[in-house]
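Visitor:
2 protein chains.
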Amino acid sequence: MTHDGQQLTTRLDADGTLTLSLDDRTWDAPTGSTVLVRMEAAPINPSDLGLLFAAADVENAEYSQGRIVAQMPEKVTNAMAARHGKAMPAGNEGAGTVVAAGDDPAAQALMGKRVACVPGTAYGTYATCDAAMAMPLDDDITAEQAASSFVNPMTSLGFVETMKAEGAKGIIHAAAASNLGQMLLRICLSDGIPIINIVRSDEQAELLREIGATHVIDMTDDDFRAKLKAAIDETGIMLGFDPIGGGKMADTMLAAMEASASDGQPYNRYGSSEMKKVFIYGALDTGPTYLSRGYGFSWDVSGWLLFPFLQKAGQDVVARMRGRVMDELTSTFASHYSDRITLDDMLSRDAVLAYNRRATGRKFLVLPND
Amino acid sequence: MTHDGQQLTTRLDADGTLTLSLDDRTWDAPTGSTVLVRMEAAPINPSDLGLLFAAADVENAEYSQGRIVAQMPEKVTNAMAARHGKAMPAGNEGAGTVVAAGDDPAAQALMGKRVACVPGTAYGTYATCDAAMAMPLDDDITAEQAASSFVNPMTSLGFVETMKAEGAKGIIHAAAASNLGQMLLRICLSDGIPIINIVRSDEQAELLREIGATHVIDMTDDDFRAKLKAAIDETGIMLGFDPIGGGKMADTMLAAMEASASDGQPYNRYGSSEMKKVFIYGALDTGPTYLSRGYGFSWDVSGWLLFPFLQKAGQDVVARMRGRVMDELTSTFASHYSDRITLDDMLSRDAVLAYNRRATGRKFLVLPND
Chain P
1 MTHDGQQLTT
11 RLDADGTLTL
21 SLDDRTWDAP
31 TGSTVLVRME
41 AAPINPSDLG
51 LLFAAADVEN
61 AEYSQGRIVA
71 QMPEKVTNAM
81 AARHGKAMPA
91 GNEGAGTVVA
101 AGDDPAAQAL
111 MGKRVACVPG
121 TAYGTYATCD
131 AAMAMPLDDD
141 ITAEQAASSF
151 VNPMTSLGFV
161 ETMKAEGAKG
171 IIHAAAASNL
181 GQMLLRICLS
191 DGIPIINIVR
201 SDEQAELLRE
211 IGATHVIDMT
221 DDDFRAKLKA
231 AIDETGIMLG
241 FDPIGGGKMA
251 DTMLAAMEAS
261 ASDGQPYNRY
271 GSSEMKKVFI
281 YGALDTGPTY
291 LSRGYGFSWD
301 VSGWLLFPFL
311 QKAGQDVVAR
321 MRGRVMDELT
331 STFASHYSDR
341 ITLDDMLSRD
351 AVLAYNRRAT
361 GRKFLVLPND
Chain G
1 MTHDGQQLTT
11 RLDADGTLTL
21 SLDDRTWDAP
31 TGSTVLVRME
41 AAPINPSDLG
51 LLFAAADVEN
61 AEYSQGRIVA
71 QMPEKVTNAM
81 AARHGKAMPA
91 GNEGAGTVVA
101 AGDDPAAQAL
111 MGKRVACVPG
121 TAYGTYATCD
131 AAMAMPLDDD
141 ITAEQAASSF
151 VNPMTSLGFV
161 ETMKAEGAKG
171 IIHAAAASNL
181 GQMLLRICLS
191 DGIPIINIVR
201 SDEQAELLRE
211 IGATHVIDMT
221 DDDFRAKLKA
231 AIDETGIMLG
241 FDPIGGGKMA
251 DTMLAAMEAS
261 ASDGQPYNRY
271 GSSEMKKVFI
281 YGALDTGPTY
291 LSRGYGFSWD
301 VSGWLLFPFL
311 QKAGQDVVAR
321 MRGRVMDELT
331 STFASHYSDR
341 ITLDDMLSRD
351 AVLAYNRRAT
361 GRKFLVLPND
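Just so you know, the protein sequences line up as chains P and G, in that order. One point on numbering: in full-length UniProt numbering, the residue at position 344 of the first sequence is 344, and numbering is uninterrupted. One point on numbering: in full-length UniProt numbering, the residue at position 45 of the second sequence is 45, and numbering is uninterrupted.
#1: Looking at V317/P and E161/P, is the spacing between their C-beta atoms short of 8 Å?
#2: What are the residues in the segment 298 to 317 of chain P lying within 7 Å of chain G by C-beta distance?
#3: Find the residues of chain G that neighbour T289/P, judging by a C-beta separation of less than 7 Å, and give them in chain order.
#4: Closest Cβ-Cβ distance between R322/G and chain A: below 8 Å?
#5: At 8 Å on the CB atoms, spell out the chain G contacts of Y267/P, in chain order.
#6: Below 6 Å CB to CB, which residues in the same chain sit around T4/P once its five sequence neighbours on both sides are set aside?
#7: Under 8 Å Cβ to Cβ from I211/G, same chain only, skipping five residues before and after it: list those, please.
#8: What are the boundary residues of the beta strand (DSSP E) that includes H128/P?
#9: I believe E62/G touches V151/G by the beta-carbon criterion, under 8 Å. Please report the beta-carbon distance rounded to the nearest angstrom.
#10: So is G236/G in contact with chain P if we call contact Cβ pairs under 8 Å?
#11: Taking CB distances under 8 Å as the criterion, tell me whether Y63/P reaches chain G.
#12: Closer than 7 Å by C-beta to I141/P: which residues in its own chain qualify, once you throw out the five before and the five after it? Chain order, please.
#13: To which residues of the same chain is N356/G closer than 7 Å at the C-beta, ignoring the five residues directly before and after it?
#14: Please name the residue or residues paired with K277/P in a DSSP beta bridge.
#15: Give the DSSP-derived three-state secondary structure of A101/P in the structure shown.
#16: Are G91/P and T121/P close, meaning C-beta to C-beta below 8 Å?
#17: Using the three-state DSSP reduction, which class does G16/P fall into: helix, strand or coil?
#18: For G245/G, which option in L353/P, Q65/P, F297/P, V118/P has the closest C-alpha, if you only look at C-alpha atoms?
#19: Decide yes or no for the touch test of the segment 110 to 119 of chain G against the segment 34 to 43 of chain G: beta carbon pairs closer than 8 Å, at least 3 of them.
#20: Could you tell me the distance, in whole angstroms, from the CA atom of T17/G to the CA atom of Y281/G?
#21: Just to confirm, are A256/G and L228/G a CB contact at a threshold of 8 Å?
#22: Cα separation between G271/G and T9/P?
#23: According to DSSP, E62/G sits in a beta bridge with which residue or residues?
#24: Taking a Cβ distance cut-off of 7 Å, strictly less, list which residues of the segment 49 to 75 of chain P are near chain G, in chain order.
#25: Mind checking S338/P: buried by the 16 CB within 10 Å criterion, or exposed?
#26: Quick one: residues in its chain with C-beta nearer than 8 Å to the C-beta of M163/G, no 5 flanking neighbours on either side, listed in chain order?
#27: List the endpoints of the continuous alpha helix (DSSP H) containing R340/P.
#28: R38/G lies in the beta strand (DSSP E); which residues open and close that run?
#29: If we count the other Cβ atoms within 10 Å of its Cβ and call it buried at 16 or more, is P243/G buried or exposed?
#30: Thinking C-alpha only, which one of Q7/G, T155/G, A29/G is nearest D23/G?
#31: Using a Cβ-Cβ cutoff of 7 Å, what residues of the segment 334 to 363 of chain P are near chain G? List them in chain order.
#32: Going along chain P in order, which residues have a C-beta closer than 7 Å to the C-beta of Y270/G?
#33: Find out if the Cβ-Cβ distance for the pair A82/P, S262/G is shorter than 8 Å.
#34: Just the chain G side, please: which residues come within less than 7 Å of S260/P by C-beta, in chain order?
#35: Taking only beta-carbon atoms, is G296/P less than 8 Å away from chain G?
#36: Since R325/P and P119/P are thought to touch, with beta carbons under 8 Å apart, how far apart are those beta carbons, to the nearest angstrom?
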């Protein structure tokens, strides 16, 4: 038995034309350990936007029924040569109901169940995924509550696991008022882990203080760097996570850590021997990262990505993390959506201009077309 | 019994005045496990220049008998607040003869011996150091042959140890025609380790090919990046060491590694999962490091410094490294000096302008005033 519906794809051609398209599609019956999920809710995460639009000019794009045609800057187009000409589905995660399943018992066991899943193709009427990547939900959990149960929860728990593996004393987090940042803060509060939250407005600072944050620093303040150093003096944290990527956030963190580490120490031309580390896990600013290196030689800046982390962490750790997410889905790991749109809406100009802004405080959930 | 002589110091004042000064000094008799070495030869390494002059304007400095007064840029002066007002001795390493020793048997055993040492105060008539940091030399080794037996040899061996610890397949080395680069090349050739040497002139390329290098790439060539990728295709090396620091060398290495790792692979918006790593171990360019991050999230850039490395490596590894250096001091670890100057000469304008240029191919050795 087949299922008919629609699937959103994004295609970049070698000439820089980016085409988003919502097309009719037929899903075959799943085989083996795979299941077919009728999607009921899928969030738009920053990582989804990187695939959907990257740096395309959505402001001046052509919007028509079920189709967007935009222009990608030449440099970005060239850097993405491997995706030229391929219509790629998108949508990392979501929740829905299993309407068909392969013969494998693991797949059959999910038949008719509501699940959270990570298909990578969630912006569609249906999505196929392996039973191992679909988590059955308790009856009192809605699809909306479970839609964001993978990327942000596992990432924020992954930060804490990484911090422990590094032997660090806590976490400095930039763009900390995001959904992910709020989750990370709740985990740290509940686990007694010191966290310094960097935000960029009074409203964001207030939001985090209401959750219970003690160290909240506004990066738009004139004395931002001095405040950051003071918070590091107090906590001893030499580990940062930065989703901005471009510009000087990682550099600012490292400089503040070094200022704190070398305070009162005799001069050392190589900087302090205290190891200072920043993980870049996003690209809210797609420009280059600047490192002044005014902090000696005991520093490290590296990329951080969920899937390689999970692979390295191993099955037991991942199972423990998944279990905690499911247990605390409506508390620690609750997501808040500012906007709910349909699959059709995803291609409207107003919606694109809003959800592609990646503004902290707005988070979109995609619902099926009726 | 005391010893009289002269000591070179460098002092930076809060107003940006940098003063190098060669002054009379009396050394007390050493106690405990320390020895007093009459210095016979000391190299000028890039790491010494960072302390002696940093970014001071030596071109427009005042040169007088035994004294240089130069101006440091304000930003650098402020960044070095911890050294303001302190006259600091310099000279990481050298060789000489032990003329006095503390009561400790380890110190007494070195009495009258010619030793290689790492006192950090080598630009002086005498230097005090712990017996553990002074290696007795065979009779047929001259002070000049042993003067550079620590910094460059241990650093190049440290790169190989680091490479092995990272599980990498070899080393990409920038500014590879340096004394250090030549040592590293000889180690790699003798140990069968693949190495890609990045140089910036035909002469440098020829020099390394004569030693036996197979992969030598000139960064001033138009097709530098393509050649670098081709060499990585051939060797699979995903680990670089960069003494330049500022600018785009680390970025260029990472981009070439990624181009090689993702060649022929399906498009992945997060980049390849192949871990790519560059260690920055110098600051030939003191400007900021630019990272375009056009290579996904599986990358790492970090500082590398000899002393923290040795501390982490542990005594056994360090003893093995030291043993090899002593065994191969006149072959693998031979240093070549283009210029020999006296302690007095170190303060002459002509000499400063030459040795502070940090030009590959020139290396200065400091000898005692007669």
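Glycine included, each C-beta is placed from N, C-alpha and C at the ideal position. This structure is a prediction, so every number in the text was calculated from the model and none was measured.
Guide: Let me lay it out:
#1: The count along the first sequence starts at 1 and reaches residue 161/P at position 161. The count along the first sequence starts at 1 and reaches residue 317/P at position 317. Yes; because the gap between Cβ atoms is below 8 Å, this pair is in contact.
#2: Across the segment 298 to 317 of chain P, CB contacts with chain G closer than 7 Å involve S298, W299, D300, V301, S302, G303, W304, L305, P308, in sequence order along the chain.
#3: Taking the first sequence and counting its residues from 1, the one referred to as residue 289/P is at position 289. The contacting residues are L291, R293.
#4: Annotation note: the requested chain A is absent from the structure, which comprises protein chains P and G.
#5: In the first sequence, the residue the question calls residue 267/P occupies position 267. Near Y267/P (Cβ distances below 8 Å), the residues of chain G are M80, A82, R83, K86, M88.
#6: As a first step, residue 4/P must be located in the first sequence, where it is residue number 4. Reading off the sequence shown, one finds Asp at residue 4/P, where the question assumed Thr. Once the five neighbours on either side are set aside, the close Cβ partners of D4/P are T26.
#7: Residue 211/G sits at position 211 when you count from the first residue of the second sequence. Exclusion of the five residues before and after I211/G leaves Q182, L185, R186, L189 as the residues of its chain whose Cβ lies within less than 8 Å of its Cβ.
#8: The residue you call residue 128/P lines up with position 128 of the first sequence. Looking at the sequence provided, one finds Thr at residue 128/P rather than His. Note, T128/P: beta strand (DSSP E), 126 to 130.
#9: Residue numbering aside, residue 62/G sits at position 62 when the second sequence is read from its first letter. Residue numbering aside, residue 151/G sits at position 151 when the second sequence is read from its first letter. Contact check for E62/G and V151/G: beta-carbon distance about 30 Å, past the 8 Å limit, so the pair fails to qualify.
#10: Residue numbering aside, residue 236/G sits at position 236 when the second sequence is read from its first letter. Closer than 8 Å: no.
#11: Translated into positions along the first sequence, residue 63/P becomes position 63. False, the Cβ-Cβ gap to chain G never drops below 8 Å.
#12: The count along the first sequence starts at 1 and reaches residue 141/P at position 141. Once the five neighbours on either side are set aside, the close Cβ partners of I141/P are L329.
#13: Counted from its first residue, the second sequence places residue 356/G at position 356. Around N356/G, the same chain offers L49, F53, V58 as residues with beta carbons nearer than 7 Å, after the five sequence neighbours per side are excluded.
#14: Residue numbering aside, residue 277/P sits at position 277 when the first sequence is read from its first letter. Secondary-structure assignment with DSSP links K277/P through a beta bridge to L239/P, D300/P.
#15: The count along the first sequence starts at 1 and reaches residue 101/P at position 101. The answer is strand: DSSP assigns A101/P an E or B state.
#16: Counting from one through the first sequence, the residue named residue 91/P turns up at place 91. Counting from one through the first sequence, the residue named residue 121/P turns up at place 121. G91/P places its beta carbon less than 8 Å from that of T121/P.
#17: For the purposes of this step, residue 16/P is identified with residue 16 of the first sequence, where counting begins at 1. G16/P carries a coil assignment under DSSP once its states are collapsed to helix, strand and coil.
#18: Counted from its first residue, the second sequence places residue 245/G at position 245. Of L353/P, Q65/P, F297/P, V118/P, the residue nearest in Cα terms is F297/P.
#19: The answer is yes - the segment 34 to 43 of chain G touches the segment 110 to 119 of chain G, with three or more Cβ pairs under 8 Å.
#20: Here residue 17/G refers to the residue found at position 17 of the second sequence. Here residue 281/G refers to the residue found at position 281 of the second sequence. So the two alpha carbons sit approximately 27 Å from each other.
#21: Taking the second sequence and counting its residues from 1, one reaches residue 256/G at position 256. Taking the second sequence and counting its residues from 1, one reaches residue 228/G at position 228. A contact, by the Cβ cut-off of 8 Å.
#22: What you label residue 271/G is simply residue 271 of the second sequence in a count that begins at 1. What you label residue 9/P is simply residue 9 of the first sequence in a count that begins at 1. Their backbone Cα atoms lie some 20 Å apart in a straight line.
#23: Start at 1 with the first residue of the second sequence, and residue 62/G comes out as number 62. The beta-bridge partner set that DSSP reports for E62/G consists of V69/G.
#24: Hits within the stretch, in order: G50, L51.
#25: Within the first sequence, the letter at position 338 stands for residue 338/P. Exposed.
#26: By one-based count along the second sequence, residue 163/G stands at place 163. Closer than 8 Å at Cβ, skipping near neighbours: G170, I171, I193, L239.
#27: Counting from one through the first sequence, the residue named residue 340/P turns up at place 340. First-last for R340/P: 339 to 342, but that is the beta strand (DSSP E), not the alpha helix (DSSP H).
#28: One-based indexing of the second sequence puts residue 38/G at position 38. Element bounds for R38/G: 34 to 43.
#29: Taking the first residue of the second sequence as position 1, residue 243/G is located at position 243. Burial is judged here by how many other beta carbons sit within 10 angstroms of a residue's own beta carbon; P243/G has at least 16 and is buried.
#30: For the purposes of this step, residue 23/G is taken as residue 23 along the second sequence, with counting starting at 1. When each option's Cα is compared against that of D23/G, the closest is Q7/G.
#31: So the list is empty, because no residue satisfies the distance condition.
#32: Translated into positions along the second sequence, residue 270/G becomes position 270. Per Cβ cutoff of 7 Å: L305.
#33: Taking the first residue of the first sequence as 1, we reach residue 82/P at position 82. Taking the first residue of the second sequence as 1, we reach residue 262/G at position 262. Their beta carbons are under 8 Å apart, which means A82/P touches S262/G by this criterion.
#34: Position 260 of the first sequence, counted from the first residue, corresponds to residue 260/P. Result: empty, since nearest Cβ-Cβ is about 13 Å, beyond 7 Å.
#35: As a working mapping, residue 296/P is identified with position 296 in the first sequence. It does: the Cβ of G296/P has a partner Cβ on chain G nearer than 8 Å.
#36: Here the question's residue 325/P lines up with position 325 in the first sequence. Here the question's residue 119/P lines up with position 119 in the first sequence. Note on identity: in this sequence residue 325/P is Val, with Arg being the wrong assignment. In fact, because the Cβ distance is near 17 Å, the residues do not count as touching under 8 Å.
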